[in-house]
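I have placed the structure first, in the form of structure tokens, so that the comments after it can refer back to it.
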Amino acid sequence: MKNRVKHCGLEHRHPFLNAAGSAQLRAEIDAIIDRQIEQWYDTVPYAAHLEGKSVDSEYYRRHLIETAWRIRLLRVSESKALAEIAKRSPEAAQIWANYEREEMLHDELFIQDLERAGVTREQFLATEPYLSTKLLTGFFSYLLDHEGPLGVVAYSYLVEYVNVKLEPRKIEALKESVGETNIAGQISHSHTDINDDHPGEVWQAIRFLLRSDEDVQSLKRYLDEHQTILALYFKELYEDKILPLEKKAA
Amino acid sequence: MTTTLVKVSISPQNIDVDLPVNSGLTELEFELYNQEAIPFGCRSGACGACLIEVVSGGVDALTPKGDAESTFLSVLGYEGESYRLACQCRVLDTVTIRPISQRG
Chain Y
616 MKNRVKHCGL EHRHPFLNAA GSAQLRAEID AIIDRQIEQW YDTVPYAAHL
666 EGKSVDSEYY RRHLIETAWR IRLLRVSESK ALAEIAKRSP EAAQIWANYE
716 REEMLHDELF IQDLERAGVT REQFLATEPY LSTKLLTGFF SYLLDHEGPL
766 GVVAYSYLVE YVNVKLEPRK IEALKESVGE TNIAGQISHS HTDINDDHPG
816 EVWQAIRFLL RSDEDVQSLK RYLDEHQTIL ALYFKELYED KILPLEKKAA
Chain R
1386 MTTTLVKVSI SPQNIDVDLP VNSGLTELEF ELYNQEAIPF GCRSGACGAC
1436 LIEVVSGGVD ALTPKGDAES TFLSVLGYEG ESYRLACQCR VLDTVTIRPI
1486 SQRG
């Protein structure tokens, strides 16, 4: 009688990409993200605001609120992703579980900085997330139900790569504009991403999830789609906190 | 983009594998698929299945040993500098390693 067991992650033990192939694809993906970053600065309103000499306090507070919410909401779907990943690759699942362990409570770091910025935990909890944040969460659910976990993991690679590349510059600017002691949580968050090589960690999970050239093409599309949704958030933030001020001043 | 490769040799089988610099030694499991050169287990430094000895290339050919790895190796009775848990190592330079389980 045929063994009916499926989805145990043992069918494709040998990765689609060997170590050298994985390194080459990662370099290609990094170059794609570098181009996305340039496009981001060119097209997203106020994209570099937090890297500037002065920071609008309402914009800053709301950005921290939304960042904490994003972590709180996405960790639920990212936890669901673990089961889907384990069905495909136990190696990727082990890496993803470790990554999630390290990131799981990072919303607290942003909530601590919120308190330093004058927003209490109660005020944070009373603030409903933006629609763009809810849509990102919904996109993750859609991906897990209908396309698989690669798109969810791709989001983390995009975010981790961008964080490691750009966050130190932003942190240095915020030390001047907001004050070093007021951004201790964000500094700790950045330390984890950089010192623990989170981009490298997430890339290894991606590498084990890739099974074909078609998956590689999907990965590239996911990076583009995630950037589109994240841009919606920054547009929403700008329209909520900056545009009214600009209209008033005009 | 050029990937810098370094040679990892496995003794006594005389198997050579070229890996991108900074690759984890767990890559050997996939590069040597079905050859079982090193028996990886937990891949998190907790089980000791992938115990190896660095035969040549020196300790600097691999990323440094962490506290947790050192402690566990002591528990296993392998305190010398040359003993490592392969799953905790990234390769930095040409190195020859020997799985302890291969010792005759």
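If you read the protein sequences in the order shown, they are chains Y and R.
First residue of the first sequence? That's 616 in our numbering, and the numbers climb one at a time after it.
First residue of the second sequence? That's 1386 in our numbering, and the numbers climb one at a time after it.
The beta carbon of each residue, even a glycine, is placed where N, CA and C say it ideally should be.
Please read these numbers as outputs of a predicted model, since none were measured by experiment.
Identify the residues that DSSP records as bridge partners of residue i: which are they?
i, result
"G1409 of chain R", "R:R1475"
"V1439 of chain R", "R:I1482"
"R1469 of chain R", "R:I1437"
"I1400 of chain R", "R:I1395"
"L1447 of chain R", "R:V1476"
For residue i, which residues of its own chain have a beta-carbon under 7 Å away from its beta-carbon, when the five flanking residues on both sides are left out?
i, result
"E775 of chain Y", "D808, H813, P814 and V817"
"P859 of chain Y", "none"
"F754 of chain Y", "I844"
"G1489 of chain R", "Any reading at G1489 of chain R needs caution, since the residue's pLDDT is 39, under 50, leaving its predicted position unreliable; the model's value is listed next. So the list is empty, once near-sequence residues are dropped."
"Q1487 of chain R", "Residue placement at Q1487 of chain R is poorly supported in this model, since its pLDDT is 43, which falls under 50; the coordinates are not used for a value here."
"L679 of chain Y", "F725, D728, L729 and A732"
Leaving out five residues before and five after residue i in sequence, what residues of the same chain have Cβ atoms less than 6 Å from its Cβ?
i, result
"E795 of chain Y", "none"
"P1484 of chain R", "I1423 and I1437"
"L751 of chain Y", "I844"
"A820 of chain Y", "A707, I710, W711 and V768"
"S771 of chain Y", "V817"
"A864 of chain Y", "none"
"N1407 of chain R", "R1475"
"Q1473 of chain R", "G1430 and E1454"
Would you mind reading off the limits of the beta strand (DSSP E) that contains residue i?
i, result
"V1391 of chain R", "L1390 to I1395"
So the alpha helix (DSSP H) residue i belongs to, where does it begin and stop?
i, result
"Y772 of chain Y", "L765 to L789"
"L759 of chain Y", "L746 to H761"
"D855 of chain Y", "D828 to K856"
"E715 of chain Y", "P705 to E718"
"Y656 of chain Y", "A634 to T658"
"L733 of chain Y", "Just to set this straight, residue 733 of chain Y is Gly in the shown sequence, not Leu. Unbroken run through G733 of chain Y: none, as it is neither H nor E."
"F671 of chain Y", "Checking the sequence shown, residue 671 of chain Y turns out to be Asp, not Phe. Unbroken run through D671 of chain Y: none, as it is neither H nor E."
"D1452 of chain R", "D1452 to L1461"
"A820 of chain Y", "H813 to L824"
Keeping to the same chain, check which residues put their C-beta closer than 8 Å to that of residue i; ignore five residues upstream and five downstream.
i, result
"A663 of chain Y", "Y656"
"F1457 of chain R", "G1430, A1431, G1433 and L1470"
"E681 of chain Y", "P744, Y745, T748, Y848 and L852"
"E791 of chain Y", "K668"
"H627 of chain Y", "R703, S704 and R826"
Residues from the segment 1402-1420 of chain R in contact with chain Y, defined by Cβ distance under 7 Å: L1404, P1405, S1408, E1412, F1415, E1416 and Y1418
Residues of the segment 1448-1462 of chain R with Cβ closer than 8 Å to any Cβ of chain Y, in chain order: none
Residues in the segment 621-649 of chain Y having any Cβ partner in chain R nearer than 7 Å: Listed by position along the chain: H629, P630, N633, A634, A635, A638, Q639 and A642.
Residues from the segment 708-724 of chain Y in contact with chain R, defined by Cβ distance under 7 Å: Going along the segment 708-724 of chain Y in chain order, one finds Q709 with a Cβ nearer than 7 Å to chain R.
Contact the segment 631-640 of chain Y vs the segment 818-837 of chain Y: 3+ CB pairs below 8 Å: With the rule of 3 Cβ pairs closer than 8 Å, the segment 631-640 of chain Y counts as touching the segment 818-837 of chain Y.
Cβ contact (3+ pairs, closer than 8 Å) linking the segment 783-792 of chain Y and the segment 706-722 of chain Y: no
Any 3 or more C-beta pairs closer than 8 Å across the segment 1464-1478 of chain R and the segment 1439-1455 of chain R: Output reads yes: the segment 1439-1455 of chain R touches the segment 1464-1478 of chain R.
Contact set between the segment 1419-1437 of chain R and chain Y, restricted to residues whose Cβ is under 8 Å from the partner: R1428 and S1429
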